[in-house]
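Chemist:
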Amino acid sequence: MRLTDCYNFHDFRRMAKRRLPGPIFDYIDGGADDEVTYRRNTAAFEACDLVPDVLRGVADVDMSVTVMGQKLAMPVYCSPTALQRLFHHQGERAVAAAAAKHGTMFGVSSLGTISLEEARQISNGPQVYQFYFHKDRGLNREMMARAKNAGVQAMMLTVDSITGGNRERDKRTGFAIPFKLNLAGMTQFAIKPSWAIDWLTHERFRLPQLENHVKMDRGALSISRYFTEMLDPSMSWDDVAEMVREWGGPFCLKGIMSVEDAKRAAEIGCSGIVLSNHGGRQLDGSRSAFDQLAEIVDAVGDRIDVMMDGGVQRGTHVLKALSLGAKAVGLGRYYLFPLAAAGQPGVERALETMRTEIERGMKLMGCTSVSQLSRRNLRFRS
9 MRLTDCYNFH
19 DFRRMAKRRL
29 PGPIFDYIDG
39 GADDEVTYRR
49 NTAAFEACDL
59 VPDVLRGVAD
69 VDMSVTVMGQ
79 KLAMPVYCSP
89 TALQRLFHHQ
99 GERAVAAAAA
109 KHGTMFGVSS
119 LGTISLEEAR
129 QISNGPQVYQ
139 FYFHKDRGLN
149 REMMARAKNA
159 GVQAMMLTVD
169 SITGGNRERD
179 KRTGFAIPFK
189 LNLAGMTQFA
199 IKPSWAIDWL
209 THERFRLPQL
219 ENHVKMDRGA
229 LSISRYFTEM
239 LDPSMSWDDV
249 AEMVREWGGP
259 FCLKGIMSVE
269 DAKRAAEIGC
279 SGIVLSNHGG
289 RQLDGSRSAF
299 DQLAEIVDAV
309 GDRIDVMMDG
319 GVQRGTHVLK
329 ALSLGAKAVG
339 LGRYYLFPLA
349 AAGQPGVERA
359 LETMRTEIER
369 GMKLMGCTSV
379 SQLSRRNLRF
389 RS
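Add 8 to a position in the sequence shown, counting from 1, and you land on the number used in my numbering.
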């Protein structure tokens, strides 16, 4: 299977599955518990129909949006995700370069495998830094200061991951960082030698944002223990309000799902929120972000930028979210599978495919700009 054979999300997923050892593919592909929320994230879009207008003169389409003071050439961005060099040796370097080429936003995670500073050198375009709230308050302040010094304009605090989700696919293979695979997991690595060659012939795996705190050596703190031992489950609204004041710039909370929490985010001075259930990887049985979008936009959309992620696989999914009032839509697995399959060319092809789908969809909807999309263009199935 070649990259030129990939025309949609499912094609990229199949190509990644052929290249990656099973445990790593399942780490990207899997969700929590019974993966009900994971499946629901995409299914939610199917309960909503688009109602197009015609004869609107759509020769030229402007799909640009402004989010947290940053202009994006298209209304999707690459959500920050962890461990990207585990999927392909280019990792965040590929994503940063592809996002810059398409004029959209990307993010580096606290668990990113290149440094904030290097990512900023690759792209001076829209960027966020995604971080977790640690028990060590000094580490939290250090992360924000480092991001500011690197020239990052917006901070994104993940608030739905104070402990790790129950990801049973990983348990079945023994997947962990550092690697502690069981026999079934090791067998999967043995039959995908191209990944192993890439892993062994490129630079050592690192977590630059955390390397002074999380060691990848044998017996050191693992990624799963990082979530259970270093993150602070006592995080409160007062803690976040203090961080918002200290940052003094665009500050976003990722993982908001209720109207009450959205209102609180606006009250403490956040510039944006991302409706997200972490791709179905945390609390299984929770609502999809798309299902929560309308009521949260109605509650706070005039005060802060409301974004969403989860289950987005098509340009029409993006159009539906924008019609409900989302300012932009985050992509996760949508770019991770092409990254795993082909590195930077894969991410570029995926983003170009999404751009083309959005542009085509807007023309077929009779819209020349994102601002013309509204709930008038939607009908929900009962």
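Each residue gets a CB set at the ideal place from its N, CA and C atoms; glycine is no exception.
So, using beta-carbon positions, are GLU365 and GLY338 closer together than 8 Å?
Modeler: Result no, Cβ atoms of GLU365 and GLY338 do not sit closer than 8 Å.
Chemist: Can you tell which of LEU147, ALA108, PHE139 has its C-alpha closest to the C-alpha of ILE130?
Modeler: The candidate whose alpha carbon is nearest that of ILE130 is ALA108.
Chemist: Under 8 Å, Cβ to Cβ, is there at least one residue of chain D near ALA204?
Modeler: Within the model displayed, chain D is absent; a lone protein chain is all it includes.
Chemist: Is LEU165 closer than 8 Å to MET251 when the C-beta atoms are compared?
Modeler: For MET251 and LEU165, yes; Cβs fall inside 8 Å.
Chemist: If you drop the 5 nearest sequence neighbours on each side, which residues of the same chain put their C-beta closer than 7 Å to that of GLU356?
Modeler: Within the same chain, GLU356 has close Cβ partners ALA106, LYS109.
Chemist: Mapping the DSSP letters down to three states, classify SER377 as helix, strand or coil.
Modeler: Reduced to three states, the DSSP call for SER377 is strand.
Chemist: Using three-state DSSP, classify HIS325 as helix, strand or coil.
Modeler: The answer is helix: DSSP assigns HIS325 an H, G or I state.
Chemist: Assuming contact is defined by CB atoms lying nearer than 8 Å, are MET76 and ALA162 in contact in what I supplied?
Modeler: Yes, these two residues count as a Cβ contact at 8 Å.
Chemist: Are at least three pairs of beta-carbons, each pair with one atom in the segment 17-35 and one in the segment 276-290, less than 8 Å apart?
Modeler: Result no; under three Cβ-Cβ pairs closer than 8 Å.
Chemist: Hey, out of SER244, ASP269, LEU283, whose CA is closest to GLY263's CA?
Modeler: Comparing Cα positions, the closest option is LEU283.
Chemist: Less than 8 Å between the CB atoms is what I'm expecting for GLN135 and GLY115, so what's the real figure, rounded?
Modeler: Sure, about 7 Å apart at Cβ, within 8 Å.
Chemist: Going by Cα to Cα distance, which pick from GLN138, VAL44, LYS328, ARG21 is closest to CYS260?
Modeler: The candidate whose alpha carbon is nearest that of CYS260 is GLN138.
Chemist: When you compare only the Cα positions, how much space is there between GLY319 and THR236?
Modeler: About 26 Å.
Chemist: Determine the DSSP secondary structure at ASP41, reduced to helix, strand or coil.
Modeler: Looking at ASP41 - three-state DSSP - the assignment turns out to be coil, as it is neither helix nor strand.
Chemist: With a CB to CB cut of under 7 Å and the five nearest residues on each side skipped, what residues in its chain are close to ASP313?
Modeler: These residues qualify, in order along the chain: VAL75, MET76, SER279, GLY280, LYS335.
Chemist: Would MET370 be called buried (16 or more neighbouring beta carbons within 10 Å of its own) or exposed?
Modeler: Its Cβ being crowded by 16 or more others within 10 Å, MET370 is buried.
Chemist: How about the segment 338-351 and the segment 301-310: do they share at least three Cβ pairs that are nearer than 8 Å?
Modeler: Not touching, per the Cβ criterion.
Chemist: In whole angstroms, what separates the C-alpha of GLU54 from that of ILE32?
Modeler: Those two C-alpha atoms are separated by around 29 Å.
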